[in-house]
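In this note's numbering, the protein residues as written are 54 to 148.
Scroll down for the structure; my scribbles are underneath it.
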């Protein structure tokens, strides 16, 4: 009889985020789009440059270590969509 042992990793490797992926910080926060993924000159590891719009509609950008974020689905469930009316005050879809 043959005995075989299989080494099981204690923790599965997390997927690495890439350009175009949608991520959020593990600590919470807005959905962000990855614009760059890879090494940087001043620190070791896999880094992400992400962009998102803040609560005032301003474009923001920052850099995060890969292990600080989690990859999110690209689609947004309908329950999370907030409709705003255009500047003219009409309801969205109105004529």
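Each residue gets a CB set at the ideal place from its N, CA and C atoms; glycine is no exception.
Is it true that the CB of residue j sits closer than 9 Å to the CB of residue i?
i: residue 83; j: residue 105; result: yes
i: residue 76; j: residue 124; result: yes
i: residue 120; j: residue 98; result: yes
i: residue 70; j: residue 96; result: no
Among the options, which has the Cα closest to the Cα of residue i?
i: residue 111; options: 100, 117, 85 and 72; result: 85
i: residue 73; options: 102, 109 and 113; result: 102
Give the straight-line distance between the Cα atoms of residue i and residue j, rounded to the nearest whole angstrom.
i: residue 87; j: residue 131; result: 23 Å
i: residue 79; j: residue 100; result: 15 Å
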